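Participant: Take a look at this one; I'll ask things after.
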Amino acid sequence: MGIRRWLLVAGCWLLVVGCETAVSPPSPTVILNAQPTTQPTPSLHHSITPSPPVTLSPGYLVTPSPPPDTGWQMLQTGLERRIIRLVDAEGRLNEQLYLLRLDPAHFTFQVAYSPGQPKSLTTWQAETGAQIVVNGGFFTEAYEATGLIVVDGVAGGASYVDFGGMFTVTAAGPEVRWLVERPYLPNEPLQFALQSFPVLVKPGGQIGFPDEDGVQARRTVVAQDGNGRILFLLAPYGSFTLHEMSRFLVESDLSIDVALNLDGGTSTGLVLSEPEEQVLAFTAVPAVITVFPRN
34 MGIRRWLLVA GCWLLVVGCE TAVSPPSPTV ILNAQPTTQP TPSLHHSITP
84 SPPVTLSPGY LVTPSPPPDT GWQMLQTGLE RRIIRLVDAE GRLNEQLYLL
134 RLDPAHFTFQ VAYSPGQPKS LTTWQAETGA QIVVNGGFFT EAYEATGLIV
184 VDGVAGGASY VDFGGMFTVT AAGPEVRWLV ERPYLPNEPL QFALQSFPVL
234 VKPGGQIGFP DEDGVQARRT VVAQDGNGRI LFLLAPYGSF TLHEMSRFLV
284 ESDLSIDVAL NLDGGTSTGL VLSEPEEQVL AFTAVPAVIT VFPRN
């Protein structure tokens, strides 16, 4: 299913809450209150089986009234939200993209990790007090990260070599980088870091996953635009292949400089505490990216 055949229709729908721990996930949920095969592949958990197709009722048929998408809506200084609804040629809802864009001048970023002890995103939020919690990278059946993790300056695990990317936080701020271009160095002054793969957009806005593997799944992406802002993009309906997501990011108006695919499938999820919004994950995860407002 090519991206070019999708039409963009916007709207923020209130959907039924799903179960975070179900093995076969129900329809993905975005709650809005009124107020990859061509690279080395480690053993993954809850992420390699694509989600079943979403069955839509006639109630999801598109009407001509909504605008193309919500556009960027300011939630608070330095934090914007955008929702884009993608429909097929018959006008049926195919995907609902949830995006947050953050200015590092107003927010700090961290990584939280609990090897062997996965937690729901709501539990991670309650324990960390973060305003935003997003699922992290891939993990094994023992709930240990498959790549490097750095928490409070302490590194654990093994770095990917010659593939993948890394979300890092240093004294200079957050950054998304391609490990092929800038490999991890053990003496780097990293405060926090999390690795994943593949890189969907290479530095300079170049397509990062050119081959089509045909595997559709729920997706979570962390990206950085040309102005240094950090974006989180979630596609919870499971309609995108990695190649399609790579093309979408490059061809969109998001001005993405570099983008990294995080764990997807049942792990895809985000919790925003202020205002209170969620894209529900269907499983607990051992690692997350957390975001806090600057004092």
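Quick note, in the working numbering, the sequence shown goes up one by one and the last residue is 328. For every residue, glycine included, the Cβ atom is placed at its ideal position computed from N, Cα and C. Nothing here was measured: the structure is a model prediction, and the numbers come from that model.
Taking Cβ positions, are L227 and I182 nearer each other than 8 angstroms?
Facilitator: Translated into positions along the sequence shown, residue 227 becomes position 194. Translated into positions along the sequence shown, residue 182 becomes position 149. A contact, by the Cβ cut-off of 8 angstroms.
Participant: Between V63 and A314, what straight-line distance do the alpha-carbon atoms span, to the nearest angstrom?
Facilitator: Taking the sequence shown and counting its residues from 1, the one referred to as residue 63 is at position 30. Taking the sequence shown and counting its residues from 1, the one referred to as residue 314 is at position 281. With a pLDDT of 45 at V63, under the threshold of 50, the predicted position of this residue should be treated as unreliable, though the coordinate-derived value follows. Looking at the two C-alpha atoms, the distance is approximately 10 angstroms.
Participant: Between the region 282 to 289 and the region 244 to 262, do three or more beta carbon pairs fall short of 8 angstroms?
Facilitator: yes
Participant: Are L112 and V321 close, meaning C-beta to C-beta below 8 angstroms?
Facilitator: Counted from its first residue, the sequence shown places residue 112 at position 79. Counted from its first residue, the sequence shown places residue 321 at position 288. No. Outside cutoff.
Participant: Among P231, P326, Y270, G238, which has the Cα closest to the Cα of R125?
Facilitator: On the sequence shown, residue 125 is found 92 positions in, with the first residue counted as 1. Among P231, P326, Y270, G238, the Cα nearest to that of R125 is on Y270.
Participant: So what's R280 in DSSP terms, helix, strand or just coil?
Facilitator: What you label residue 280 is simply residue 247 of the sequence shown in a count that begins at 1. If DSSP states are grouped into helix, strand and coil, R280 belongs with the helices.
Participant: Between the region 187 to 197 and the region 240 to 254, do at least 3 Cβ pairs fall closer than 8 angstroms?
Facilitator: no
Participant: Return yes when the Cβ of S229 is within less than 8 angstroms of the Cβ of D296, no when it is not.
Facilitator: As a working mapping, residue 296 is identified with position 263 in the sequence shown. As a working mapping, residue 229 is identified with position 196 in the sequence shown. Yes, these two residues count as a Cβ contact at 8 angstroms.
Participant: Roughly how many whole angstroms lie between the Cα atoms of L130 and G302?
Facilitator: The count along the sequence shown starts at 1 and reaches residue 130 at position 97. The count along the sequence shown starts at 1 and reaches residue 302 at position 269. The alpha-carbon atoms of L130 and G302 are separated by roughly 12 angstroms.
Participant: Which residue from E310, V304, F325, N328 puts its Cα closest to that of V167?
Facilitator: The residue you call residue 167 lines up with position 134 of the sequence shown. Ranking E310, V304, F325, N328 by Cα distance to V167 puts V304 first.
Participant: Do you know how far the Cα of G247 is from the Cα of K152?
Facilitator: Working through the sequence shown from its first residue, we reach residue 152 at position 119. Working through the sequence shown from its first residue, we reach residue 247 at position 214. Each residue's alpha carbon lies about 31 angstroms from the other.
Participant: May I have the straight-line CA-CA distance separating S306 from E128, to the nearest angstrom?
Facilitator: Position 273 of the sequence shown holds residue 306. Position 95 of the sequence shown holds residue 128. For the pair S306 and E128, the Cα-to-Cα distance works out to about 24 angstroms.
Participant: Taking only the alpha-carbon atoms, compute the straight-line gap between T156 and S147 and give it to the nearest angstrom.
Facilitator: The residue labelled residue 156 in the question sits at position 123 within the sequence shown. The residue labelled residue 147 in the question sits at position 114 within the sequence shown. Whole-angstrom Cα-Cα distance: 12 angstroms.
Participant: Hey, which unbroken runs of the beta strand (DSSP E) at 3 residues or more fall wholly within the region 141 to 196?
Facilitator: 165 to 168, 182 to 184, 187 to 189
Participant: Taking the C-alpha atoms as reference points, what is the distance between R118 and E277?
Facilitator: The sequence position of residue 118 within the sequence shown is 85, counting from 1. The sequence position of residue 277 within the sequence shown is 244, counting from 1. Between R118 and E277, the C-alpha separation is close to 16 angstroms.
Participant: Let me know if N260 comes out buried or exposed under the rule of 16 or more other beta-carbons within 10 Å of its beta-carbon.
Facilitator: The residue labelled residue 260 in the question sits at position 227 within the sequence shown. It is exposed - the Cβ of N260 has fewer than 16 other Cβ atoms within 10 Å.
Participant: Does DSSP classify A314 as helix, strand or coil?
Facilitator: Here the question's residue 314 lines up with position 281 in the sequence shown. Looking at A314 - three-state DSSP - the assignment turns out to be coil, as it is neither helix nor strand.
Participant: Does DSSP classify G241 as helix, strand or coil?
Facilitator: Here the question's residue 241 lines up with position 208 in the sequence shown. Coil, per DSSP.
Participant: For T316, count the other beta carbons within 10 Å of its own beta carbon; 16 or more makes it buried, fewer makes it exposed. Which is it?
Facilitator: Here the question's residue 316 lines up with position 283 in the sequence shown. When all chains shown are included, T316 counts as buried.
Participant: Does L212 come out as helix, strand or coil in the three-state DSSP assignment?
Facilitator: Position 179 of the sequence shown holds residue 212. In this structure, L212 counts as coil in the three-state DSSP scheme.
Participant: Excluding the five sequence neighbours on either side, which residues of its own chain have a C-beta within less than 8 angstroms of the C-beta of G149, listed in chain order?
Facilitator: Counted from its first residue, the sequence shown places residue 149 at position 116. A175, Y176, E177, P319, listed in sequence order.
Participant: Quick check: what's the CA-CA separation for Q224 versus R115?
Facilitator: Locating residue 224 in the sequence shown gives position 191, where the first residue counts as 1. Locating residue 115 in the sequence shown gives position 82, where the first residue counts as 1. C-alpha separation (whole angstroms): 29 angstroms.
Participant: Quick one: using the 10 Å Cβ neighbour count with 16 as the cut-off for buried, is T203 buried or exposed?
Facilitator: Translated into positions along the sequence shown, residue 203 becomes position 170. It counts as exposed.
Participant: For the beta strand (DSSP E) containing Q249, list its first residue and its last residue.
Facilitator: Within the sequence shown, the letter at position 216 stands for residue 249. No residue range can be given for Q249, since it is assigned to no beta strand (DSSP E) and is classified by DSSP as neither H nor E.
Participant: Leaving out five residues on either side along the sequence, give the residues of the same chain with a beta carbon under 7 angstroms from the beta carbon of F242.
Facilitator: By 1-based counting over the sequence shown, the position of residue 242 is 209. Cβ neighbours of F242 beyond the five flanking positions: P69, P231, L233, L275, H276, S279.
Participant: Can you list, in chain order, the residues of its chain whose CB lies under 8 angstroms from that of Q239, leaving out five sequence neighbours each side?
Facilitator: Within the sequence shown, residue 239 is the residue found at index 206, counting from 1. The residues are V283.
Participant: On the three-state DSSP scale, how would you describe G298?
Facilitator: Walking along the sequence shown from the start, residue 298 turns up at place 265. Three-state DSSP puts G298 in a helix.
Participant: How about P326 and Q158: are their beta carbons less than 8 angstroms apart?
Facilitator: The residue given as residue 326 occupies position 293 in the sequence shown. The residue given as residue 158 occupies position 125 in the sequence shown. It is not a contact, given that the beta carbons lie outside the stated cut-off.
Participant: Give me the residue from G198, W211, S300, K235 with the minimum Cα distance to G169.
Facilitator: Position 136 of the sequence shown, counted from the start, is the residue given in the question as residue 169. Comparing Cα positions, the closest option is S300.
Participant: Quick check on L132: does DSSP put it in helix, strand or coil?
Facilitator: As a first step, residue 132 is located in the sequence shown; it is residue number 99 there, counting from the start. In this structure, L132 counts as strand in the three-state DSSP scheme.
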